[in-house]
Amino acid sequence: MEQGSPVLMKALLAAIFVLIALMALIALYPGLQQLPLTDQEFTISGNLVSRDTGPGTIYVLAIPLNDSRKLREIETEARPYASQHVAAYTTLIAPGPYRIQVTEPGDYVIYAWKDTNGDGGIDHEDYREPTGWYRTDDYLMPTSVNVAPGRDVAGIDLALIAPTPYPDEELSVSRGSGGGTLKTIKGYPVLHLRGTDEERAYAQGYLVGPQIRDWVEYVLIEFYARSPSLYENDLLPFIRDNFSANDPYIPVADAMIRGMRDSGTSMRIGVLDRDVTREDILAINALYCLAHLRDSIGDRATGERNSIMCSNAVAWGNLTQNDELAGGVIHGKNMDGENDLRKVTVNALLIVATEPEEGSGKMRVVGIDWPGFYGTYNAMNEEGLILVTHSVGYGPNFSAANLLEYSTLYMETLQHCRTIPEAEAYWMSRDMTRTGGWNTAVSMPYKTDPNGTPSVTFESDSYGMAVRRPGVVPPTGIPAILTTNDFYVYTAGGGTEAEAAANGDPAPILLTHYRYRAMNDTLNRFMNEGRSIGTGEMIEILQAASNTTEYRGITEYSYIGYPDTMSFAVAREDLDGKILDASFAEYTAFSFEEVFQ
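Per this note's numbering: the sequence shown = residues 44 to 640.
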């Protein structure tokens with residue numbers, strides 16, 4: 044060893060000399076600092092604020108941008124901070140400054156939540172654990188942070204937010220000869236509204252005002268518009284200028300605002316720095332038209348488009364000839380794509396029982412909806428007529444001045460029509476312009492006309508409509524009809540049923556119509572197995588649509604209507620069980636009458 048020491052010493056001195064030379068070279072040529080070292084760390088820092096003052100560990104995650112699309116799945120993991128999709132995390136014991144270090148340069152989404160129950164997971168039920176992410180003043184969805192070698196990133200501020208859950212106690216209010224009650228039935232919030240349009244709107248504003256305010260900020264603006272300036276400068280002016288068919292509903296929106304104010308609701312919309320107004324209520328009820336408009340303008344930050352998908356299956360007659368249904372209609376619907384990150388569209392799901400004033404000639408309606416809607420998107424009336432919604436990717440006639448959103452048209456139809464022919468006649472006679480491309484699955488009790496057709500699809504847009512009847516496209520030869528987000532007999536942008544396709548043939552079901560094909564394949568499997576269609580089979584059909592190549596994990600709620608027995612069942616995304624697709628969650632059954640009691 045002693046003889047080798049001089050050799051070792053010379054080698055060590057040479058290494059030191061090389062290192063000093065390299066450091067000098069890097070100092071002279073800063074560009075060389077961009078070469079990342081394997082043990083290098085990059086710091087992202089900022090300040091985290093929260094109105095929640097209770098105990099709990101705050102987790103701050105750095106998620107690579109390409110993995111941020113997995114955020115909904117990450118949230119279902121027992122310990123999201125340990126997910127393979129999370130590059131790094133840090134914790135805080137209270138709001139304040141944070142620092143998080145990543146080992147690779149690149150783009151990251153910064154997401155945080157407060158673990159109030161100490162289980163290491165994210166509890167979204169009733170907004171128990173506030174969440175937040177890095178966003179900019181004009182892009183409210185998660186915004187990526189670019190981390191480059193040699194440059195730490197500061198000022199990445201976060202705010203943890205928890206919207207307002209429905210109250211535990213029952214609430215009631217009277218208004219004129221009407222009013223309303225908010226209560227919980229079988230674990231679901233039920234809003235029973237009575238009286239004139241204005242009286243019902245006032246009661247809704249009074250009873251669920253905080254939830255309406257949250258819906259405006261966190262769904263309408265944050266999730267759909269995504270940009271406050273886009274919402275204020277483009278979307279709301281379109282409502283003012285192009286929706287003259289809304290004029291009869293302006294007093295309804297005003298009544299809802301009065302109810303909110305009279306209940307003491309905080310009206311402030313933080314991202315707009317103003318109070319909720321009539322125009323925001325009108326915008327809620329024109330939700331999908333605004334989504335079309337937003338897409339036509341193009342998101343100024345990312346170019347992303349909203350995902351609005353829905354799936355529907357109806358069967359009756361010899362397909363449902365069993366002890367449960369006795370040949371009656373079963374109508375299943377998945378509501379897909381309205382999945383805001385704060386879970387407002389899940390936690391704020393609301394069963395709305397609408398009871399018009401006596402002597403009006405209008406029928407009662409039960410809708411599965413959200414707060415702030417005087418219209419409805421999925422509902423049944425007291426005669427068992429059902430209308431449910433499916434957006435089709437065609438925008439409205441943007442130059443039309445007399446637009447009316449389908450949610451309002453649905454409510455009008457259900458209040459005035461008892462059968463499918465009456466509904467079709469009403470749509471053809473209503474003096475207005477419908478908004479964008481739209482498929483409406485319509486059903487009525489089989490007993491209404493056993494020799495007729497108890498379910499069809501209205502394919503429509505601003506320029507016209509066609510009625511697609513069972514058997515025109517698969518499934519054929521059986522009493523069933525399926526609906527997703529494509530036209531098969533109507534030509535978008537104009538035309539009639541007779542002009543729908545060349546030679547009078549319907550459009551083909553393409554290989555990319557995954558959900559339609561999945562439902563049809565499941566239906567055919569049941570037939571091959573000799574199984575009739577009951578609730579269990581309908582649930583399997585809806586599950587097949589929720590779990591396809593096209594998408595999975597975005598069904599926020601599922602609905603099954605039984606018009607012959609005047610009942611329905613609902614399932615929503617299971618926030619406790621971490622089941623993203625509602626069709627795989629537990630269904631709860633209701634009779635039509637019990638939600639009016």
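Even glycine gets a Cβ: it sits at the ideal position worked out from N, Cα and C.
As the crow flies, the alpha-carbon of Thr-308 is around 51 Å from that of Pro-549. Exposure of Asp-316 is indicated by the presence of fewer than 16 other C-beta atoms within 10 angstroms of its C-beta. Contact annotation, Ser-610 with Phe-633: C-beta distance approximately 6 Å; criterion of less than 8 Å satisfied. The C-beta distance from Thr-483 to Leu-566 rounds to 21 Å, too long to meet the 8 Å contact threshold. A direct Cα-to-Cα measurement between Tyr-177 and Arg-243 gives close to 39 Å. Here DSSP, grouped into helix, strand and coil, assigns Cys-353 to strand. A straight line joining the alpha-carbon of Pro-253 with that of Asn-424 spans about 28 Å. When Asp-338, Ile-411 and Asp-180 are compared, the shortest CA-CA separation from Ser-272 is found for Asp-180.
For the set Asp-624, Leu-333, Gly-89 and Ile-327, the Cα lying nearest the Cα of Tyr-292 is the one of Ile-327.
Taking all protein chains shown into account, Ala-587 has 16 or more neighbouring C-beta atoms within 10 Å of its C-beta and is therefore buried. Between the alpha carbons of Gly-161 and Ala-130 lies a gap of roughly 22 Å. Straight-line spacing of the CA atoms in Ala-396 and Leu-234 works out to 6 Å. Annotation for Phe-281: Leu-336 place their beta carbon closer than 7 Å to its own, counting only its chain and skipping 5 residues before and after.
Where Ala-244 is concerned, the enclosing alpha helix (DSSP H) starts and stops at 240 to 257. In the three-state DSSP reduction, Tyr-533 falls in the coil class, being neither helix nor strand. When secondary structure is reduced to three states using DSSP, Thr-491 falls in the helix class. CA-to-CA, the gap between Arg-112 and Arg-385 works out to about 15 Å.
The DSSP-derived three-state label of Ser-111 is helix. Its chain contains Glu-322 as the residues whose beta carbon lies nearer than 6 Å to that of Leu-279, once the 5 sequence neighbours on both sides are disregarded; these appear in chain order. Gly-520 and Ser-187 have their C-alpha atoms spaced approximately 52 Å apart. For the set Asn-390, Gly-193, Ser-220 and Cys-332, the Cα lying nearest the Cα of Trp-258 is the one of Asn-390.
By the CB criterion at 7 Å, Tyr-245 and Gly-302 fall inside the cutoff.
For Ser-403, the three-state secondary structure derived from DSSP is coil. Under the Cβ criterion (8 Å, minimum of three pairs), the segment 127 to 144 counts as touching the segment 90 to 103. With 16 or more neighbouring CB atoms inside 10 Å of its own CB, Gln-458 falls in the buried class. Of Asp-366, Val-319 and Ala-628, the smallest CA-CA separation from Ile-300 is found for Val-319.
Secondary structure note for Tyr-469: its alpha helix (DSSP H) is the uninterrupted segment 463 to 472.
The Cβ atoms of Asn-571 and His-433 lie no closer than 7 Å to each other.
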